[in-house]
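**Q** Quick one: the structure is below, and I'll ask about it shortly.
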Amino acid sequence: MASIQEQINKARQEAQSLQDQIKKSMEGGNDAKLNKLDVPAVGPYKFKVRNTLRGHLGKVYSCAWSPVPDSKLLVSASQDGKLIIWNALTTFKQHAITLRTNWVMTCSYSNSGQYVASGGLDNIVSIFNINQLTDASDSTQPTTPHRELSQHTGYISACKFISNDKQILSSSGDMTCICWDIEMGRPIKTFQSHTGDCMSVSVSPDESQFVSGGCDAYAKLWDIRSGKCVATFGGHDSDVNCVQFFPNGLSFATASDDNTCRLFDIRASRELMDYKDDSIREGATSISFSKSGRLMYAAYDEKSVVVWDTLKGKIVQNLTSEQNGPEGRVACLAVSPDGNALATASWDFNLQVWA
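Each residue of the sequence shown is one higher than the last, beginning at 1 in the UniProt record's numbering.
Okay, structure coming up:
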């Protein structure tokens with residue numbers, strides 16, 4: 001009699017075979033391939049490092065921009081146990097927040113610009129009121145949070161403010177996502193369907209849906225109001241490290257440890273493009289779109305950062321070779337809300353601002 005593991009492996013193979021058949025059948029109904037459309041290729045780009053933000057004493061794992069119209073502020077989270085709010089134009093620190101743990105993994109800026117949030121291996125989402133912070137001191141005493149949200153039983157991998165700063169969405173290593181009421185300090189809904197750690201979340205522009213990526217190699221689309229998973233997107237062969245909505249909210253991209261990024265259409269429930277290149281042999285860690293969506297920025301293990309033409313599936317520029325670029329693995333990419341700058345957060349303890 002076959003062991004439990006053998007039965008599981010057989011079931012996985014059968015499921016993969018069915019998925020391949022479905023994908024092939026759906027592709028047969030396509031009018032055309034995205035990269036074959038009669039659209040002019042993107043002209044040569046030359047992004048350069050405009051500013052380098054130095055001040056962290058540990059690996060920088062995450063960064064997020066302040067909202068428009070004041071899109072010059074940038075918050076970063078580092079394993080030196082600090083959140084730093086920077087003026088990206090002057091490179092000056094606006095505030096330094098001392099966390100209760102050094103093992104921070106993510107940070108987020110609220111839509112109003114009043115709050116920042118962080119999370120990590122303490123399993124807690126910590127929210128700070130910027131208006132109540134003092135100047136950019138380097139105090140060793142932890143800053144008192146405005147609110148601490150604790151119900152996850154695994155690390156916090158990502159968090160995003162929604163609903164005019166009244167709610168925040170978090171993803172966790174406990175395989176769930178939670179939508180929280182910030183003022184009440186309690187969960188509103190728990191989203192559970194992944195069979196591996198949830199690594200990333202991205203909220204649609206109208207905040208009615210969000211997409212999550214997990215270590216089960218799937219991306220899932222959720223209805224925030226009902227709390228239900230409305231679609232599951234496969235295709236990757238390994239962990240999905242990052243997900244990002246396309247600016248129009250009708251599609252989203254994924255970044256995976258299988259060395260590829262993929263673009264999925266929500267309405268058609270299918271893959272539109274597979275972004276891969278023979279020169280890239282590392283897993284993708286982070287992605288972000290330009291304001292128009294024509295360019296996609298992708299970071300990979302071992303310091304690689306490339307710019308993709310979203311429609312053609314071709315690399316436009318490799319930022320790795322640029323002067324003053326990151327000297328360590330880039331853990332996070334973020335395009336400013338006004339579309340004028342790209343920030344990279346790196347394990348070399350620094351952040352770079354590109355334009």
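The C-beta atom is built at its ideal place from N, Cα and C for all residues, glycine as well.
How is Asn324 classed by DSSP in three states: helix, strand or coil?
**A** coil
**Q** If you draw a straight line from the alpha carbon of Ser62 to that of Ser200, how long is it in whole angstroms?
**A** 12 Å
**Q** By how many angstroms is the C-alpha of Ala77 removed from the C-alpha of Ser71?
**A** 18 Å
**Q** Can you tell me which of the three DSSP states Lys48 falls into?
**A** coil
**Q** Going by beta-carbon coordinates alone, are Ala341 and Leu333 separated by less than 9 Å?
**A** no
**Q** Counting along the chain, where does the beta strand (DSSP E) carrying Ala158 start and finish?
**A** 156–162
**Q** Are Arg186 and Ser208 touching if we call contact CB-CB under 9 Å?
**A** The criterion of a C-beta distance shorter than 9 Å is not satisfied by Arg186 and Ser208.
**Q** Hey, Ser118 and Leu83 are a contact pair by Cβ (cut 8 Å); roughly how many whole angstroms apart?
**A** 6 Å
**Q** Round the Cβ separation of Ala299 and Val330 to the nearest angstrom and send it over; I've been treating them as touching at under 8 Å.
**A** 4 Å
**Q** Going by the DSSP bridge assignment, what does Gly213 pair with across the sheet?
**A** Ser200, Ala219
**Q** Between the alpha carbons of Pro337 and Lys160, how many angstroms are there, rounded?
**A** 14 Å
**Q** Let me know the alpha helix (DSSP H) ranges lying completely inside the stretch 60–125, each 4 residues or longer, listed in chain order.
**A** none
**Q** Between which residues of its own chain and Lys291 is the CB-CB distance below 6 Å, once the five residues before and five after are set aside?
**A** So the qualifying residues of the chain are Gly339.
**Q** For Lys312, report the span of its beta strand (DSSP E) as first-last.
**A** Careful: Lys312 lies outside any beta strand (DSSP E) and carries neither H nor E.
**Q** Which whole runs of the beta strand (DSSP E) in the stretch 224–282 are 3 residues long or more, in chain order?
**A** 229–233, 240–245, 251–256, 261–265, 270–275
**Q** For a test of the three-state rule: what should DSSP assign to Ile8, helix, strand or coil?
**A** Three-state DSSP puts Ile8 in a helix.
**Q** Taking just the CA atoms, how far does Ala88 sit from Leu121?
**A** 28 Å
**Q** For Lys166, which option in Gln5, Cys179, Pro40 has the closest C-alpha, if you only look at C-alpha atoms?
**A** Cys179
**Q** Alpha carbon to alpha carbon, what distance is there between Arg262 and Thr90?
**A** Here the alpha carbon of Thr90 sits roughly 36 Å from the alpha carbon of Arg262.
**Q** Near Glu282, what residues of its chain come up, given a Cβ to Cβ distance below 7 Å and the 5 sequence neighbours on each side ignored?
**A** Once the five neighbours on either side are set aside, the close Cβ partners of Glu282 are Asn259, Tyr300, Asp301, Glu302, Ser304.
**Q** Return the first residue and the last residue of the beta strand (DSSP E) that Met296 is part of.
**A** Start and end: 295–300.
**Q** Give every residue of the same chain whose Cβ lies closer than 7 Å to the Cβ of Gly235, excluding the five residues on either side of it in the sequence, and list them in chain order.
**A** Arg262, Glu271
**Q** Give the straight-line distance between the Cα atoms of Gly58 and Gly81, rounded to the nearest whole angstrom.
**A** Across the structure, Gly58 and Gly81 are spaced so that their CA atoms are roughly 8 Å apart.
**Q** Along the chain, where does the beta strand (DSSP E) containing Ser288 start, and where does it finish?
**A** Per DSSP, Ser288 is one residue of the beta strand (DSSP E) stretching across 284–289.
**Q** Quick one: complete beta strand (DSSP E) runs, 3+ long, within the UniProt repeat "WD" (323–355)?
**A** 330–335, 342–346, 351–354
**Q** Between Gly227 and Gly214, how many whole angstroms is the CB-CB distance? I'm expecting something under 8 Å.
**A** In fact, because the Cβ distance is near 17 Å, the residues do not count as touching under 8 Å.
**Q** Distance check for Val353 and Phe114, CA to CA, integer angstroms please.
**A** The question names Phe, yet the displayed sequence has Gln at residue 114. Their Cα atoms are separated by approximately 22 Å.
**Q** With Leu169 as the anchor, note down where its beta strand (DSSP E) starts and where it stops.
**A** 167–172
**Q** Would you call Ala345 buried or exposed, if buried means 16 or more other Cβ atoms sit within 10 Å of its Cβ?
**A** buried
**Q** Would you grab the beta carbon distance between Trp103 and Gln79 for me? Rounded to a whole angstrom, and I think it's under 8 Å.
**A** 7 Å
**Q** Considering only the alpha carbon of each residue, which of Lys220, Cys242, Ser256, Ser288 lies closest to Asp265?
**A** Lys220
**Q** Starting from Thr190, trace the beta strand (DSSP E) both ways and give me its first and last residue.
**A** Taken as a continuous stretch (DSSP letters only), the beta strand (DSSP E) holding Thr190 covers 186–192.
**Q** In or out: Asp20 buried (at least 16 other Cβ within 10 Å) or exposed?
**A** exposed
**Q** Going by the CB atoms, is the gap between Phe252 and Ser202 shorter than 9 Å?
**A** yes
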